[in-house]
Every structure is written in C-alpha cells, then in structure tokens.
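Colleague: Supplied in structure tokens, the structure appears directly below.
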Amino acid sequence: MFERMDKYRNYQYEQLGDTNEDALATRLLTDCDIDKERLTRAQTLDEIADLREQF
Numbered sequence: 000m001f002e003r004m005d006k007y008r009n010y011q012y013e014q015l016g017d018t019n020e021d022a023l024a025t026r027l028l029t030d031c032d033i034d035k036e037r038l039t040r041a042q043t044l045d046e047i048a049d050l051r052e053q054f
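Mapping to numbering that gives the first Met the number 0: the sequence shown position 30 is 29, numbers consecutive.
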C-alpha cells in the first residue's frame, strides 16, 4: 500500500505540472505522509480496510 501511495503522489505531481511547485510539493507530501502515518498506526484489519477505501 505504501508503494501505491507513492505512485499516486507522483502521478498527481506529474498531472498538475509545475504550477506553484513548492506549495504543490508540500501539500502532496503532507497528504501522503499523513496517510502513511495512519496506515502504520492501524491496529486492526478494519482500520486498514477503511484507509484503503479512503485512499
């Protein structure tokens, strides 16, 4: 799932181009890092399934 998150972040970055690159990079990195943190803290399969659906 971590690899999928990284691919998604990279895809978004490529699609949005270099418009305001610094702000865009910060936002995408923050969103993806938050999701990764939530995934590492998940304790049950239900929590992981919820994260997968949201992602």
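The beta-carbon is built from N, C-alpha and C at its ideal position, and this holds for glycine as well.
It should be emphasised that the depicted structure is a prediction, and the values quoted were computed from it without experimental measurement.
Starting from residue 42 and walking both ways along the alpha helix (DSSP H), at which residues does that stretch end?
Modeller: Neither: residue 42 is in no alpha helix (DSSP H) and is coded neither H nor E.
Colleague: I need the DSSP call for residue 4, collapsed to helix, strand or coil.
Modeller: Here residue 4 sits in helix by DSSP.
Colleague: Could you tell me whether the Cβ atoms of residue 4 and residue 34 are closer together than 7 Å?
Modeller: Contact flag set, yes.
Colleague: Quick test of your reading: residue 38 and residue 0, contact by CB under 8 Å. State the CB separation rounded to the nearest angstrom.
Modeller: Right, their Cβ atoms sit about 6 Å apart.
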